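Working notes, beginning with the structure itself.
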Amino acid sequence: MNQSAETEALKKDLEQLRRDFKALADAVKHSTQERAQEHLNSARETFEGARQSASRQAEHLGEEIKARPFTSVLTAFGVGLLLGKLLGR
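Numbering (the numbering used here), first residue to last: 14 to 102.
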């Protein structure tokens, strides 16, 4: 085999290697995007669940305050005093 034929074979091999690397990079990019989207969807679902839970808890707390306003005010006052003492040190 002469040098020109070897050079052409090497060029073809390098071109095939470039195509293979591009295909591999595209596959990795696609896979990474899919995983990122899955994690984003999972985070959104978790956030929505937490938001709904917090909303229910706030609603429940509001009902308790309406049912026992005097006890609620005294409890808030006591918690405020306790926090004041702890943070005042």
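Each residue gets a CB set at the ideal place from its N, CA and C atoms; glycine is no exception.
These numbers were taken from a predicted model, which means no experiment stands behind them.
Three-way DSSP call (helix, strand, coil) for residue i in this model
i: R57; result: helix
i: R31; result: helix
i: R81; result: coil
Cβ pair residue i, residue j closer than 8 Å
i: E72; j: S85; result: no
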